[in-house]
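There are 2 protein chains.
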Amino acid sequence: MAAKVTIADVARHANVSRQTVSNVLNSPEVVKEETRQRVLAAVEALGYRVSAAARQMRTGRSRLLATRIETTQDGMNVFDRFLHGLTESAAGSGYRVLLYTATDDQSEIAAFDQLLGEFEPDGFVLTSTHHGDARTSWLAERDLPFVTFGRPWGTSEAGHPWVDVDGAAGTEAATRHLLDGGHRRIGFLGWETGSGVGDDRKSGWSRTLAAGGLDADLALETDGTPAQGQAGARELVERGATALVCVSDSVALGALQVTPAVVGFDDTPVAAAIGLTTLGQPLAEAAARCVELLTDRLSGRPTASHVLLTPTLVIRKDP
Amino acid sequence: MAAKVTIADVARHANVSRQTVSNVLNSPEVVKEETRQRVLAAVEALGYRVSAAARQMRTGRSRLLATRIETTQDGMNVFDRFLHGLTESAAGSGYRVLLYTATDDQSEIAAFDQLLGEFEPDGFVLTSTHHGDARTSWLAERDLPFVTFGRPWGTSEAGHPWVDVDGAAGTEAATRHLLDGGHRRIGFLGWETGSGVGDDRKSGWSRTLAAGGLDADLALETDGTPAQGQAGARELVERGATALVCVSDSVALGALQVTPAVVGFDDTPVAAAIGLTTLGQPLAEAAARCVELLTDRLSGRPTASHVLLTPTLVIRKDP
DNA sequence: TACGCCTTTTGGATCGATCAAACCATTAGA
DNA sequence: TCTAATGGTTTGATCGATCCAAAAGGCGTA
């Protein structure tokens, strides 16, 4: 294994001092162009890379972003694609993604505490925000940099930057698509009331029907499984529904057993595989925006307070 | 934000020297029990945690494991569950998982090089091994610690530790299950020859039929999509097949449009959602074994050369 | 009492990068 | 001519944990 190349080696090779090398890398504008070139050539020649540990020692910044890797409950989630985008965007800004696991808010806070003591990540990216989220207040109290993918539900205060996908806009597009297809009795299969995401998605459906002068009375709550999706779909169809907007692909999958005019949400692999029309979230962009908000804040640049992205209707069969 | 607690603070609080605190944490056996207790109490009281950066500076070990986050091609993959297990097991051994992205072997090697210079991960976990894998030889040449999830295909040398799931054993179980169900003409839908994983899975099917005195003649290659799965299934059924073993859930999904007696591979969310019988990989255990092999090697303990796990047949409907 | 042996503790040096401040020319201003 | 300012570069000190060599303390034995 090649011996480690330090900043002193580069300095020697370029006939300058350590500090000058450091300046070339961190504040190029204070170094004379000719020297800069010479140092860069030495860096190249020796294959020098800054030691993250040594830099962190001195500056207190680790260039690490921490995020929780979620347990795939029903597996039809979207997190892995988000995580991929996050890793890619972070790398583009010179950051790396560090993973941790947690089972609930409290254990996640414990993970924050431990990570901050050991690896000192510069920031956190939180997912699955929910009502009464203990994590955001814990981080905010300590003035630690973080972004959430998911808006802060419940609290009126927008105390921290967030990125989210506009669920209501999505279901509005879905509902309009079904209306365009000639449907007039369009139902909605949702989650239990109180889930921020679920309520948001439902609102897009109801407001679109209302805008069209139609009753938004065909709605049912489910636990999110295909089984309950199927049962719910059966009931709504009996009550006159000819088409259904669903809160997730998982629910839609069940509904599809009852009627073909179904729109799901999330564009999971399942939807692609079975040809289900659904709403795709711009996950790579969401991840990029998360990194952007966080790194802006970390470098003291003015930070947008939040970003709301619009999902795309992916049409796979005629309703 | 609370000021950082250093080892010197702990030493002062417990009325001992820095070195004694360090000994309590790293070589407890050399410290008198009473002193040990006093130091641990101080650690607890002050909420002290070792600074990973400072330790790494001195010892050269980062307690970081790096792994690539894969792009979900057709999305029906298994990697996210493996990654979750990896993060959890690593944490249990005092390691953290650091992510990077890459598009091919060469860019992954570039990522190795960069990471080794900057964050100095103690080891790598590689997935998706394949014939002529440039990554393993690069790492092996430099004597860097790594494990692969996936056996080294092609090369006879077992030069590095690996963990894999026995695909042949899986398809053998699947084929036997179909035989038990009364089927005698069982087909196989695979990938193109040359894919190590695909050939392995096919071999379990053919050897089981051979052992039962049956011809293993109903086999076709596909590109792995549901579309080709469906086309292939149609052809095999025309040629007399009454049941099909498939190389993946994705292929099985297509085959399912043709005949109900289908077994998939991977137990993806799709399989669970549509009630497909399939082979589940013990991903959490595979991840745990990867961490075990790697940390054994890192601490100089004797290391098993490899681990081969057996998949489980998940029966969801009668063939 | 002196000596050696063993356990436990101590102070200094070190890892590599960056900060703060000093240094050296050279030029502009009084 | 002298001082002040400027641009460009260099020199020590530092971050926190660990390694190293060596000192201090306790105990038993000659």
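Same order as they appear, the protein sequences are chains A and B. Number 503 in this note's numbering belongs to position 305 of the first sequence; there are no gaps in the numbering. Number 427 in this note's numbering belongs to position 229 of the second sequence; there are no gaps in the numbering. Glycine included, each C-beta is placed from N, C-alpha and C at the ideal position. None of these values were measured; they are calculated from a predicted model.
Residue closest to residue i, alpha-carbon to alpha-carbon, out of the options
{"i": "leucine 451(A)", "options": "Ala484(A), Thr476(A) and Arg333(A)", "result": "Thr476(A)"}
{"i": "glutamate 316(A)", "options": "Asp320(B), Gln254(B) and Ala308(B)", "result": "Gln254(B)"}
{"i": "proline 343(B)", "options": "Ser503(B), Arg514(B) and Ile513(B)", "result": "Ser503(B)"}
{"i": "glycine 321(A)", "options": "Thr493(A), Leu507(A), Ser249(A) and Pro500(A)", "result": "Thr493(A)"}
{"i": "arginine 294(B)", "options": "Phe310(B), Thr269(B) and Val323(B)", "result": "Val323(B)"}
{"i": "leucine 263(B)", "options": "Leu297(B), Thr270(B) and Leu244(B)", "result": "Leu297(B)"}
{"i": "serine 472(B)", "options": "Leu481(B), Ala486(B), Leu412(B) and Gln455(B)", "result": "Checking the displayed sequence, the identity of residue 472(B) turns out to be isoleucine instead of serine. If we check each option's Cα against that of isoleucine 472(B), Gln455(B) comes out closest."}
{"i": "arginine 391(B)", "options": "Asp364(B), Leu377(B), Trp351(B) and His375(B)", "result": "The identity of residue 391(B) in the sequence shown is threonine, whereas the question assumes arginine. Looking at the Cα atoms, Trp351(B) is the closest of the given residues."}
{"i": "histidine 211(A)", "options": "Ala408(A), Thr420(A), Ala250(A) and Arg236(A)", "result": "Arg236(A)"}
{"i": "aspartate 364(A)", "options": "Lys202(A), Leu481(A) and Ala429(A)", "result": "Leu481(A)"}
{"i": "glycine 245(A)", "options": "Asp465(B), Asp311(B), Leu337(B) and Gly388(B)", "result": "Asp311(B)"}
{"i": "alanine 144(A)", "options": "Leu507(A), Glu483(A), Pro509(A) and Leu506(A)", "result": "Outside the shown range of chain A (199 to 517) lies residue 144(A), about which nothing can therefore be said."}
{"i": "serine 448(A)", "options": "Leu223(A), Glu436(A), Val435(A) and Thr466(A)", "result": "Thr466(A)"}
{"i": "alanine 251(B)", "options": "Gly394(B), Thr204(B), Leu337(B) and Gly368(B)", "result": "Thr204(B)"}
{"i": "serine 326(B)", "options": "Ala309(B), Asp341(B), Pro319(B) and Trp360(B)", "result": "Trp360(B)"}
{"i": "alanine 408(A)", "options": "Ala206(A), Arg374(A), Arg279(A) and Asp341(A)", "result": "Arg374(A)"}
{"i": "glycine 357(B)", "options": "Leu337(B), Gly462(B), Ala367(B) and Ala372(B)", "result": "Leu337(B)"}
{"i": "serine 404(B)", "options": "Arg333(B), Val435(B), Thr420(B) and Ala372(B)", "result": "Ala372(B)"}
{"i": "alanine 367(A)", "options": "Gly396(A), Ala243(A) and Ser305(A)", "result": "Gly396(A)"}
{"i": "proline 458(A)", "options": "Ser446(A), Val468(A), Val435(A) and Val445(A)", "result": "Val435(A)"}
{"i": "alanine 417(B)", "options": "Thr423(B), Ser401(B) and Val489(B)", "result": "Ser401(B)"}
{"i": "alanine 309(A)", "options": "Glu286(B), Leu313(B) and Ala309(B)", "result": "Glu286(B)"}
{"i": "alanine 453(B)", "options": "Ala470(B), Val512(B) and Thr420(B)", "result": "Thr420(B)"}
Neighbour-count burial assignment, residue i, 16 or more Cβ in a 10 Å radius
{"i": "arginine 261(A)", "result": "buried"}
{"i": "arginine 259(B)", "result": "exposed"}
{"i": "glutamate 370(A)", "result": "buried"}
{"i": "glutamate 231(A)", "result": "exposed"}
{"i": "alanine 431(A)", "result": "buried"}
{"i": "arginine 399(A)", "result": "buried"}
{"i": "histidine 282(B)", "result": "buried"}
{"i": "asparagine 213(A)", "result": "exposed"}
{"i": "proline 500(A)", "result": "exposed"}
{"i": "alanine 206(A)", "result": "exposed"}
{"i": "aspartate 516(A)", "result": "Here the model assigns aspartate 516(A) a pLDDT of 48, short of 50, so the residue's position is not dependable and the matter cannot be decided."}
{"i": "glycine 330(A)", "result": "exposed"}
{"i": "aspartate 302(B)", "result": "exposed"}
{"i": "aspartate 464(B)", "result": "buried"}
{"i": "arginine 437(B)", "result": "exposed"}
{"i": "glutamate 339(B)", "result": "exposed"}
{"i": "proline 226(A)", "result": "exposed"}
{"i": "leucine 284(A)", "result": "buried"}
Under the three-state DSSP convention, the category residue i falls into
{"i": "glutamate 490(A)", "result": "helix"}
{"i": "alanine 502(B)", "result": "coil"}
{"i": "valine 435(B)", "result": "helix"}
{"i": "aspartate 447(A)", "result": "helix"}
{"i": "glutamate 227(B)", "result": "helix"}
{"i": "threonine 346(A)", "result": "strand"}
{"i": "arginine 261(B)", "result": "coil"}
{"i": "alanine 441(B)", "result": "strand"}
{"i": "aspartate 516(A)", "result": "The pLDDT assigned to aspartate 516(A) is 48, lower than 50, so where the model puts this residue is not dependable, and the model offers no usable value."}
{"i": "glutamate 232(A)", "result": "helix"}
{"i": "methionine 199(A)", "result": "In this prediction, methionine 199(A) has a pLDDT of 47, which is less than 50 and means its spatial position is unreliable; what the coordinates show is noted afterwards. DSSP places methionine 199(A) in coil when its eight states are reduced to three."}
{"i": "tryptophan 403(A)", "result": "helix"}
{"i": "leucine 337(B)", "result": "helix"}
{"i": "alanine 459(B)", "result": "coil"}
{"i": "aspartate 362(A)", "result": "strand"}
{"i": "isoleucine 267(B)", "result": "coil"}
{"i": "threonine 476(A)", "result": "strand"}
{"i": "threonine 391(B)", "result": "coil"}
heavy atom of the ligand ADP below 6 Å from residue i C-beta
{"i": "threonine 346(B)", "result": "Because no ligand of any kind appears in the structure shown, any question about the ligand ADP cannot be addressed here."}
Positions along the region 471-483 of chain A whose CB lies within less than 8 Å of some CB in chain B: Answer in chain order: Ala471 and Ile472.
Discussion item. Give me the subset of the region 301-316 of chain B whose CB atoms are less than 7 Å from a CB atom of chain A, sorted by chain position.
Written reply: Cβ contacts with chain A come from Gln312, Gly315 and Glu316.
The region 418-432 of chain B: which residues have C-beta closer than 8 Å to a C-beta of chain A, in chain order?
Correct list: Pro424.
Chain A contacts from the region 288-300 of chain B (Cβ-Cβ distance under 8 Å) = The region 288-300 of chain B vs chain A, Cβ under 8 Å: Ala289, Arg294, Val295, Leu296, Leu297, Tyr298 and Thr299.
**Message:** Tell me which residues of the region 453-468 of chain B have at least one Cβ-Cβ distance to chain A shorter than 8 Å, keeping chain order.
**Reply:** Cβ contacts with chain A come from Thr466, Pro467 and Val468.
For this session: Would you be able to state if there are at least three C-beta pairs under 8 Å between the region 377-395 of chain B and the region 441-450 of chain B?
Result: With a cut-off of 8 Å, the region 377-395 of chain B and the region 441-450 of chain B count as touching, because enough Cβ pairs lie within range.
Looking at chain A, which residues of the region 211-230 of chain B have a Cβ within less than 7 Å of any of its Cβ atoms? Answer set for the region 211-230 of chain B: empty.
Can you pull out the residues from the region 246-260 of chain B whose beta carbon lies closer than 9 Å to at least one beta carbon of chain A?
Those would be Tyr246, Arg247, Val248, Ser249, Ala250, Ala251, Ala252, Arg253, Gln254, Met255, Gly258 and Ser260, in chain order.
If contact means a Cβ-Cβ distance below 9 Å, which residues of the region 436-447 of chain A contact chain B? Flagged, chain order: Asp447.
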